[in-house]
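**Q**
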Amino acid sequence: MDKVFIPDEILLQVDKPARYTGNELNMVKKNPEDMDIRFAFCFPDVYEVGMSCLGLQILYFFLNRRKDTYCERAFAPWTDMEAAMREHNIPLYTLETFTPLKEFDFVAFTLQYEMCYTNLINMLDMSGIPIYAKDRTEDDPIILCGGSCAYNPEPLADFVDFFYLGEGEVEYDHILDEYKEHKKNGGTRDEFLYKLLEIPGMYVPKFYDVEYNEDGTIKSFTPNTEKAPKTIRKVVITEMDKVFYPEKMLVPLIETVHDRVTLELFRGCIRGCRFCQAGFVYRPVREKNYDTLIKQAHSLIDASGDDEISLVSLSTSDYTCFNDLANGLLDDFAKDKVNISLPSLRIDAFSLDLMQKIQEVRKSSLTFAAEAGTQRLRNVINKNLTEDDILNGCALAFSGSWERVKLYFMIGLPTETEEDLIGIADLSAKVVDKYYEIPREKKPRPVNVVASSSCFVPKPFTPFQWDAQDTYQEFAEKAKIVKSHIARKQIKYNYHDAKLSSLEGVMARGDRKVSAAIYRAWEKGCRFDSWTEEFKFKEWMESFEETGVNPAFYANRKREFDEILPWDHISVGVTKAFMINERKKAEMAITTPNCREECSHCGAASFGGGVCFESAKKNKV
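When the letters of the sequence shown are read in order and numbered with the working numbering, they come out as residues 170 to 790.
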């Protein structure tokens, strides 16, 4: 097919036309005719969200460093653009060359959030690519998925040819080298998928069969060919200073969710919060050294012109050289008015001196994740954060002339009681009281505390993966309890849409049978399910009923430890025995030390790198 042409009259009628035009600063330009492999990197959400994804930026430049491969991008068109494209029979295309996705060798989706699954189906349909993997022919691209949600691939298993489990820098070159040779020799798509079984971290659903018990639980999950491994183990980079990192990043022409340069400090997390999937699936912790990060920061700023650097990791202040790095960046960039953004900050590790330095450049809001309102429940979830830590951290912030603090909590956590819910209001009030302990001359404006609660969603590969999730009605009642105890005018309380969280719970722990409901919901017009204005809860409930999928079975049911879970054929390194032990400790509100304090023998040391590996070696001495 020829290059796609978008008439100006369409672009002038849709919201934010720059979403669909490409040609951003640092965009890679190659001659497609000189390429052996065409690779479409697709983000199943709107452009502004996708362009804020660090994984997209890394893999885009990682794949394009190959002389034989052209990696291009595509995003989910907003509803107005979708309507126009369908009306004019315009297929979904890439921003680099306006080539239809159907013309590519690979169409790859990154799965960062469960509520993007209908967008993935919609993007395939808009591309003219058969939605079900079984219906694809030699003329169709190979569809693959990666990202955090790929660790439970089963809800999308019927739609995807293969899943990449782990970090892309490890095996993508191997995959593309194999494909190039395979394509040269005229091999079929099925033969190539079969070859993928030899590459670590690749899960090809068609080579595995699932049987179910009468009660709907999984009876067995078995390979249907000898070559398919019984367990697919994720792949990870062990030496972060040697791994590829782009010297420049794509600079969008419109404002995005995170409109700044992103500096990745480390991967993994030492904390082991029992609700946090990322904290387990990204183990072990692997850091970059100070010099590497300073060099990368200068390169990225020089190539982008951005005026803010975001220090990114799951818990930024756990970087071992955090204070030196933050101060070094401030010293280097303050003269150019480049701000340092510090997400994922722990209150107990916050530096007043650093706060004041940041404020000298440009003031930014402070966000602290308390997670629970009482110490008992914080121990249950292994937050390893005391009330004194929280209040002292807020006091430091207030003494540094901050008057606005955001506190994040969760409701619906395992073992939660009404006392824990009231504790959210009580803790927020204590934070306000801390502000008024500051001398009058240091608080020129009233304090503003925003307490937000999200709904707990049990996720795979966490100690709470066996727990029942609250219904959306129960979530709503709990939010009302919290709100009724907010008595201070300085506190604003926000809570999330419980219906959306209840649906997320179905997707997070779904099996292959859930795919029928996802497909039916898409047929009913479900798109952008994570966007409030587009979320169609009624249509989703109808889809479950029409396909015989019971959402309560997946979201609101407690599992036994010996039940076969839909993701049990996947290994993230952390053992099931460790998860079970952590769940039992949660019931008793017993905490587990972080990985730098003591190795808990979770299994991640088997990857042979990172903090966990160092701790394991130390304990053997």
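For every residue, glycine included, the Cβ atom is placed at its ideal position computed from N, Cα and C. Since the structure is predicted, the reported quantities are computational estimates derived from the model, not experimental observations.
Once the 5 residues before and after residue 436 are set aside, which same chain residues still bring their CB inside 6 angstroms of it?
**A** Hits under 6 angstroms: 451, 455.
**Q** Which parts of the stretch 596-677 are runs of the beta strand (DSSP E), unbroken and 3 residues or longer, counting only runs that do not cross its ends?
**A** Qualifying beta strand (DSSP E) stretches, in chain order: 617-624, 660-664.
**Q** Do residue 439 and residue 493 have their beta-carbon atoms positioned less than 7 angstroms apart in this structure?
**A** Not closer than 7 angstroms, so no.
**Q** Taking 6 angstroms as the line, does the beta carbon of residue 432 fall inside it for any heavy atom of the ligand HEM?
**A** This structure simply doesn't include the ligand HEM, nor any ligand for that matter.
**Q** Out of 608, 178, 541, 561, state which residue places its alpha-carbon closest to the alpha-carbon of residue 585.
**A** For residue 585, the nearest C-alpha among the options comes from 541.
**Q** Mapping the DSSP letters down to three states, classify residue 745 as helix, strand or coil.
**A** In this structure, residue 745 counts as helix in the three-state DSSP scheme.
**Q** In terms of residue numbering, what span does the beta strand (DSSP E) encompassing residue 392 cover?
**A** Counting along the chain, the beta strand (DSSP E) containing residue 392 begins and ends at 387-392.
**Q** Could you work out which residue in 237, 223, 206, 269 is closest to residue 174 when comparing CA atoms only?
**A** The option with the nearest alpha carbon to residue 174 is 269.
**Q** What does the alpha-carbon distance come out to for the pair residue 744 and residue 772?
**A** Their backbone Cα atoms lie some 6 angstroms apart in a straight line.
**Q** Give the DSSP-derived three-state secondary structure of residue 321 in the structure shown.
**A** Residue state, collapsed to three classes: coil.
**Q** Nearest to residue 366 by alpha carbon, out of 764, 330, 350?
**A** Here the closest residue by C-alpha is 330.
**Q** Give me the Cα-Cα distance between residue 361 and residue 205, rounded to the nearest whole angstrom.
**A** Roughly 16 angstroms between the two C-alpha positions.
**Q** Please list the terminal residues of the continuous alpha helix (DSSP H) segment that includes residue 462.
**A** Unbroken alpha helix (DSSP H) run through residue 462: 459-473.
**Q** Assuming contact is defined by CB atoms lying nearer than 7 angstroms, are residue 696 and residue 703 in contact in what I supplied?
**A** Yes, the pair counts as a contact, with Cβ atoms nearer than the cut-off.
**Q** Checking the sheet assignment: what are the DSSP bridge partners for residue 371?
**A** The partner list for residue 371 (beta bridge, DSSP) reads 333.
**Q** Would you mind sorting residue 182 into buried or exposed? The rule is 16 or more other CB atoms within 10 Å of its CB.
**A** Label assigned to residue 182: exposed.
**Q** Buried or exposed for residue 602, please, with buried defined as at least 16 other CB atoms from any protein chain shown within 10 angstroms of its CB.
**A** Exposed, by the Cβ-count rule.
**Q** Kindly indicate which three-state DSSP category residue 563 falls into: helix, strand or coil?
**A** Three-state result, residue 563: helix.
**Q** According to DSSP, simplified to helix, strand and coil, what is residue 285?
**A** Here residue 285 sits in helix by DSSP.
**Q** For residue 508, which beta-bridge partners are listed by DSSP?
**A** DSSP, once it has assigned bridges, lists 477 as partnering residue 508.
**Q** Pick from 273, 496, 176: whose alpha carbon is nearest that of residue 202?
**A** Per the Cα distances, 273.
**Q** Please report whether the beta-carbon of residue 572 lies at a distance below 7 angstroms from any beta-carbon of chain B.
**A** The chain labelled as chain B is not found in the depicted structure, where only one protein chain is given.
**Q** Hey, quick one: how far does the alpha helix (DSSP H) through residue 500 stretch, first residue to last?
**A** Per DSSP, residue 500 belongs to the alpha helix (DSSP H) from 491-502.
**Q** Tell me, please, whether the stretch 568-580 touches the stretch 458-478 by the rule of three or more beta-carbon pairs shorter than 8 angstroms.
**A** Because the criterion of three Cβ pairs below 8 angstroms is not met, the stretch 568-580 and the stretch 458-478 do not touch.
**Q** Excluding the five sequence neighbours on either side, which residues of its own chain have a C-beta within less than 6 angstroms of the C-beta of residue 592, listed in chain order?
**A** The residues are 542, 543.
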